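Visitor: Residue numbers (my numbering): 13 to 321.
Take this structure first; my questions come after.
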Amino acid sequence: MDRGKRWRERRRIAKMITAVENALPGHEQILQEIYKKTGNAYVIGITGPPGAGKSSLTDALARGYIEKGLRVGVIAIDPTSPFSGGSILGDRIRMNELSTHPQMFIRSMGTRGQLGGLSAATHSAVMILDACGADVLFIETVGVGQSEIEIVKLADTVLMVMVPGLGDDIQAMKAGIMEIGDVFAVNKKDLPGADKTKIELEAMLSFLPPREWRPPVCMVSAMYKEGLEELEVAISEHRKFQADHGRLEQRRMRNAQEALLAILRDKMVLRVKSDDRYEELLQRMMEKTIDPYEAARQLMEGLDSCSED
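Now the structure itself:
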């Protein structure tokens, strides 16, 4: 089955993502079957502070790629309701007009408590949309913070969205956050202070450790559809730079490593929690009769003995 035909099977795609998001029976088999078909989509991570207009910019960029005849997937990471476990913002509602386009597939996923603002199943959803025919994939995160660096583990290009009026917030941003951005966009360029924000960003970027790729700062307005072509060009140039210098393959190798380690961690935690001594050791920690390192050592010994059996 060709990629275009797979892309048209919307219900099947949605069911597969639901299966992996909720770890339903057979979800691992789904990923095993599609894995060889992955590696074709270009993944763009979009992050930035709340109120920067990330959803509007994602929508505007997606429309541009669709107009070029490309198939576009959007994974919108929403905060998770602590009561229902479901996503509560509903980015698909914000992009409602675009969600029914045959070249577009939008899915909201809850963080489910993930500090990095990324659902544990986000990587699996990326693989599914990639294998099912997406040419470009957007991952729009909850917000920005030190833990938002997680987006680097999934994206080929990270787009950092800023907005005028942040003032001291820009100065307070940690270098680690700034370093994850491959392309910067000052959204809402029509607002007062947009030029100043761009100058401040460029000044901050100049103080970062030198690297081969110098992140450009683009002025855009998602609402008025201004500066979008320049931003698309900047993303394309970063993609070409990585391809020409072997960086894209390196980045995807690192991302594959992170995915493998994440699966190993999840499986190890499940095995540890199933150990009969787990609750007992937790109680002993509360009573201060054992420290966390000794408890972990004993649980790891249990894993070793299981593997020997």
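Built from N, CA and C at the ideal position, the CB exists for glycine as well.
Here the structure is a predicted model, which means the values were calculated and not measured.
Check whether the region 232 to 252 touches the region 190 to 203, counting contact only when three or more Cβ pairs, one atom from each stretch, lie closer than 8 Å.
Guide: Taking 8 Å as the limit for Cβ pairs, the verdict is that the region 190 to 203 does touch the region 232 to 252.
Visitor: Within 10 angstroms of its Cβ, does W19 collect 16 or more other Cβ (buried), or is it exposed?
Guide: It is buried - the Cβ of W19 has at least 16 other Cβ atoms within 10 Å.
Visitor: Which of the three DSSP states is assigned to Y236 in this structure?
Guide: Here Y236 sits in coil by DSSP.
Visitor: Might you give, ordered along the chain, the residues of its own chain that have their beta carbon closer than 6 Å to the beta carbon of V175, omitting 5 neighbours on each side?
Guide: Contacts found: A64, N199, K200.
Visitor: Looking at the structure shown, is V84 part of a helix, part of a strand, or coil, going by DSSP?
Guide: Looking at V84 - three-state DSSP - the assignment turns out to be strand.
Visitor: Taking A268 as the reference, give the member of M139, M312, L293, R296 with the closest Cα.
Guide: Out of M139, M312, L293, R296, M139 has the C-alpha closest to the C-alpha of A268.
Visitor: List the endpoints of the continuous beta strand (DSSP E) containing A197.
Guide: Unbroken beta strand (DSSP E) run through A197: 195 to 198.
Visitor: Can you tell me where the beta strand (DSSP E) with V164 in it begins and where it stops?
Guide: Here V164 belongs to no beta strand (DSSP E), and DSSP marks it neither H nor E.
Visitor: Starting from S120 and walking both ways along the beta strand (DSSP E), at which residues does that stretch end?
Guide: Per DSSP, S120 belongs to the beta strand (DSSP E) from 116 to 122.
Visitor: Any idea which residues DSSP pairs I275 with across the strands?
Guide: Answer by DSSP bridge pairing: none, since I275 is not bridged.
Visitor: Buried or exposed: where does T209 fall if 16 or more other Cβ atoms within 10 Å of its Cβ makes it buried?
Guide: T209 is buried by the Cβ-count criterion.
Visitor: Inspect the CB distances between the region 213 to 222 and the region 243 to 255 and report whether three or more fall short of 8 Å.
Guide: Counting Cβ pairs under 8 Å, fewer than three are found: no touch.
Visitor: Using a Cβ-Cβ cut-off of 8 Å (strictly less than) and excluding sequence neighbours within five positions of I322, which residues of its own chain qualify?
Guide: Past the edges of the chain, shown from 13 to 321, lies residue 322, and the structure says nothing about it.
Visitor: How about V55 and I151: are their beta carbons less than 8 Å apart?
Guide: In contact: V55 and I151 (Cβ atoms closer than 8 Å).
Visitor: Could you tell me the alpha carbon to alpha carbon distance between A88 and E292, rounded to whole angstroms?
Guide: The alpha-carbon atoms of A88 and E292 are separated by roughly 40 Å.
Visitor: Excluding the 5 residues preceding and the 5 following K237 in the sequence, name in chain order all residues of the same chain whose CB lies nearer than 8 Å to its CB.
Guide: Answer for K237: A72, listed in chain order.
Visitor: Which two residues bound the contiguous beta strand (DSSP E) that contains V229?
Guide: V229 -> beta strand (DSSP E) spans 229 to 231.
Visitor: Where does K78 sit, in a helix, a strand or coil, going by DSSP?
Guide: A quick correction: the sequence has Ile, not Lys, at residue 78. DSSP places I78 in helix when its eight states are reduced to three.
Visitor: Whole angstroms are fine: how far does the CA of R296 sit from the CA of G102?
Guide: Caution is warranted here: a pLDDT of 47 is assigned to G102, below 50, making its placement in the model unreliable, and the coordinate value is therefore given only provisionally. Their Cα atoms are separated by approximately 43 Å.
Visitor: If we call anything under 8 Å between Cβ atoms a contact, is L82 one with V170?
Guide: Not closer than 8 Å, so no.
Visitor: Please return the same chain residues whose Cβ sits closer than 8 Å to the Cβ of T134, not counting the five positions on each side in sequence.
Guide: Counting only Cβ-Cβ distances below 8 Å, and skipping sequence neighbours, we find I87, I89, M121, I151, L166.
Visitor: Let's test the definition: count the other Cβ atoms within 10 Å of the Cβ of D288 and tell me whether it reaches 16, buried, or not, exposed.
Guide: Label assigned to D288: exposed.
Visitor: For G98, does the count of other Cβ atoms within 10 angstroms reach 16, so buried, or fall short, so exposed?
Guide: Its pLDDT being 47, under 50, G98 is placed unreliably by the model, and nothing is read from it.
Visitor: Among Q115, K48, E270, which residue has its Cα nearest to the Cα of R75?
Guide: Looking at the Cα atoms, Q115 is the closest of the given residues.
Visitor: Relative to the C-alpha of M190, which candidate in R259, V154, P61, L315 has its C-alpha closest?
Guide: The shortest Cα separation from M190 among R259, V154, P61, L315 belongs to P61.
Visitor: Which class does M28 belong to by DSSP, given the choice of helix, strand or coil?
Guide: Three-state DSSP puts M28 in a helix.
Visitor: Decide if K285 is buried, meaning its Cβ has at least 16 other Cβ atoms within 10 Å, or exposed.
Guide: When all chains shown are included, K285 counts as exposed.
Visitor: Would you tell me roughly how many angstroms separate the C-alpha atoms of T112 and I58, rounded to the nearest one?
Guide: In a straight line, the C-alpha of T112 is about 22 Å away from that of I58.
Visitor: Beta-carbon separation of R24 and F117 under 8 Å?
Guide: In this structure, F117 does not lie closer than 8 Å to R24 by Cβ.
Visitor: In whole angstroms, what separates the C-alpha of P304 from that of Q310?
Guide: Taking the straight line from one Cα to the other gives about 10 Å.
Visitor: If you draw a straight line from the C-alpha of S159 to the C-alpha of L273, how long is it?
Guide: Residue confidence for S159 is low, a pLDDT of 46 falling below 50, so the modelled location carries little weight; the figure read from the coordinates is stated next. If I take the Cα positions, the gap works out to 17 Å.
Visitor: Hey, how far is the Cα of A206 from the Cα of R266?
Guide: Answer to the nearest angstrom: the Cα atoms are 35 Å apart.
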